[in-house]
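Note sheet for the following structure.
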Ligand SMILES: [Zn+2]
């Protein structure tokens, strides 16, 4: 089996996973809208796969063209820009059929991982064809190997620069807003200028920091991070000490706590199976030592949580953990910081 070039992990380490996810999401929206339009205009209500592909093709082609022009450097140094050709576009398999009922088929877009695989083949094909203009003997597999080599070099050099070991006692601790897809963030919808940025964040279990690729709004200063990127970084580097909140507030019972608690935003939580006692305590100590939160803020947030949830059987275990952490932190402060 040949090695995959485009993976979520590699893209996140380069700092472009959110952009690729957004491309995926935009294509999904185009396909969904095409499907709906065709369905509304068809007498029978039946729409075939090739009809959707044909209908959506011009828009998808334009989107891919802009995207590829921006990211050609990730795949090759031989060309400044690459343009999608019909053959490559036609070979993209972006939809899968779902049988609902005996005769009806519904279509939906393939998964993000499957999309990355399709996109990778698409890029290889375009580069092969482009190279064949100059040399008809160009071979698919050798081009693919070249692209893999080029891409891997970029990933490795980015990876080497992600970890920061020197101590940043006073780090810039800012709140990050988590999004699922970039163009649906409040700032992008309001046409604010959003650019790529980097924040340095401490790791929970190591005395190291990582450079986290985020997006910064020039208009209102908010910083965002994509869900996919965040997952990859936690998988590769372990838990990070960051303050995050979702772009959309969920209805969870815990949100009453979430909305007011600075502590909860740093990832501190007592939900079963989420953080061990020692992880929670390492986090609390680091928050204090790095002067991210004060003893007062930590104690206030935990006491608030206890006040809200005590007396309910469901939260008995959580309240117990909060009480013991509260005791731990007061002892720690007495011994170390006073
Ligand atoms: Zn904004």
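Residue numbers (our numbering): 28 to 365. Cβ atoms here follow ideal geometry from the backbone N, Cα and C, with glycine treated the same way.
### Message
For residue 318 and residue 356, I'd like the C-alpha separation in whole angstroms.
### Response
14 Å
### Query
If you follow the beta strand (DSSP E) that residue 123 is part of, which residue opens it and which one closes it?
Its beta strand (DSSP E) spans residues 122 to 127.
### Task
Compare the beta carbon distance of residue 150 and residue 102 with 7 Å and say whether it is the shorter of the two.
yes
### Message
I'd like to know if the segment 241 to 257 and the segment 330 to 343 are in contact, where contact means that at least 3 CB-CB pairs between them fall below 8 Å.
### Response
no
### Task
Grab the span of the beta strand (DSSP E) containing residue 273 for me, first residue to last.
270 to 273
### Query
Measuring CA to CA, which of 93, 162, 63 is closest to residue 83?
63
### Query
Is it true that the CB of residue 123 sits closer than 7 Å to the CB of residue 137?
yes
### Proximity of residue 237 and residue 264 at Cβ, strictly below 7 Å
Less than 7 Å divides the Cβ of residue 237 from the Cβ of residue 264.
### Query
DSSP on residue 214, reduced to helix/strand/coil?
helix
### Query
Going by the CB atoms, is the gap between residue 140 and residue 206 shorter than 7 Å?
no
### Message
I'd like the ranges of any alpha helix (DSSP H) spanning at least 4 consecutive residues and lying wholly in the segment 152 to 191.
### Response
167 to 189
### Task
Indicate, with yes or no, if ligand 1 has a heavy atom lying under 6 Å from the CB of residue 103.
no
#### Entry: Closer than 5 Å to ligand 1: residues, by C-beta to nearest heavy atom, in chain order
214, 219, 244, 246, 247
### Task
Please state if the CB of residue 290 and the CB of residue 328 are separated by a distance shorter than 7 Å.
For residue 328 and residue 290, yes; Cβs fall inside 7 Å.
### Query
Quick one: is residue 85 buried, meaning 16 or more other Cβ sit within 10 Å of its Cβ, or exposed?
For residue 85, the number of other beta carbons within 10 angstroms of its own is below 16, and it is reported as exposed.
### Query
Looking at the unbroken alpha helix (DSSP H) that takes in residue 54, where does it start and where does it end?
44 to 68
### Task
Specify the secondary structure class of residue 326 as computed by DSSP and reduced to three states.
helix
### Task
Give me whichever residues DSSP pairs with residue 236 in a beta bridge.
191, 229
### Message
Could you pull the DSSP bridge partners for residue 244 from this structure?
### Response
221
### Message
Please report the distance separating the alpha-carbon of residue 316 from that of residue 33.
### Response
Cα-Cα distance, rounded: 39 Å.
### Task
Pull up the distance between the alpha-carbon of residue 120 and that of residue 73, whole angstroms please.
20 Å
### Task
Report yes if the C-beta distance between residue 333 and residue 349 is below 7 Å; otherwise report no.
yes
#### Entry: 8 Å contact criterion, which residue 243 and residue 224 should meet: CB distance rounded
4 Å
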